[in-house]
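Trainee: Residue numbers (full-length UniProt numbering): 1 to 150.
Note that beta-carbon positions come from the ideal geometry of N, C-alpha and C, so glycine has one too.
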């Protein structure tokens, strides 16, 4: 009822515990119509579980940004753009360091967040799994699940 007053709708995203709020005008027959999305910043995703401590956000975001810079220095701007998208995802949605991601979070990033929020180029799309492998290498940890490497 309150969301209706502001022209928004809410749903729990399947496959994870995230509350998704977005303008009702984006929806037709229960489906978000991509061509109606004018500004992705109008949508909000709130993790309902597994989030870190919001007081740690600045430190987590800085750590993740440092890893993005390491990927860029070693592997270039395409891989850095993909690493930056993953940094945003982990910092903003989970308030956690990228190397602490679970296999489910990595899968959600690749299937849900990346195509809808990163607006990747064709080159970035074809390199995203390798970019994630480079990122976890830079962090000195194993990738939490299978990804294709160059």
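What are the boundary residues of the beta strand (DSSP E) that residue 155 is part of?
Mentor: Outside the shown range of the chain (1 to 150) lies residue 155, about which nothing can therefore be said.
Trainee: Relative to the C-alpha of residue 146, which residue among 110, 120, 138 is closest?
Mentor: It is 110 whose Cα lies nearest to the Cα of residue 146.
Trainee: Got a sec? Which residues, its chain only, sit under 7 Å from residue 9 by beta carbon, not counting five neighbours each side?
Mentor: Cβ within range, chain order: 3, 22, 24, 27.
Trainee: What does DSSP give as the partner residue(s) for residue 9 in the beta ladder?
Mentor: Its beta-bridge partners are 22.
Trainee: Tell me whether residue 28 sits in a helix, a strand or coil according to DSSP, three-state version.
Mentor: Three-state result, residue 28: strand.
Trainee: Kindly indicate which three-state DSSP category residue 147 falls into: helix, strand or coil?
Mentor: Three-state result, residue 147: coil.
Trainee: Quick one: give me the first and last residue of the alpha helix (DSSP H) that residue 95 is part of.
Mentor: Counting along the chain, residue 95 falls outside any alpha helix (DSSP H), and DSSP gives it neither H nor E.
Trainee: How would you write the range of the alpha helix (DSSP H) that residue 77 sits in, first residue to last?
Mentor: Unbroken alpha helix (DSSP H) run through residue 77: 77 to 89.
Trainee: Helix, strand or coil for residue 45 per DSSP?
Mentor: Residue state, collapsed to three classes: strand.
Trainee: For residue 44 and residue 133, what's the separation of their Cα atoms in angstroms?
Mentor: Looking at the two C-alpha atoms, the distance is approximately 28 Å.
Trainee: At which residue ranges does the segment 102 to 142 contain complete alpha helix (DSSP H) runs of 4 or more residues, listed in the order of the chain?
Mentor: You should have 103 to 108, 122 to 139.
Trainee: Closest to residue 123 by C-alpha separation, out of 41, 78, 20, would be which residue?
Mentor: Looking at the Cα atoms, 78 is the closest of the given residues.
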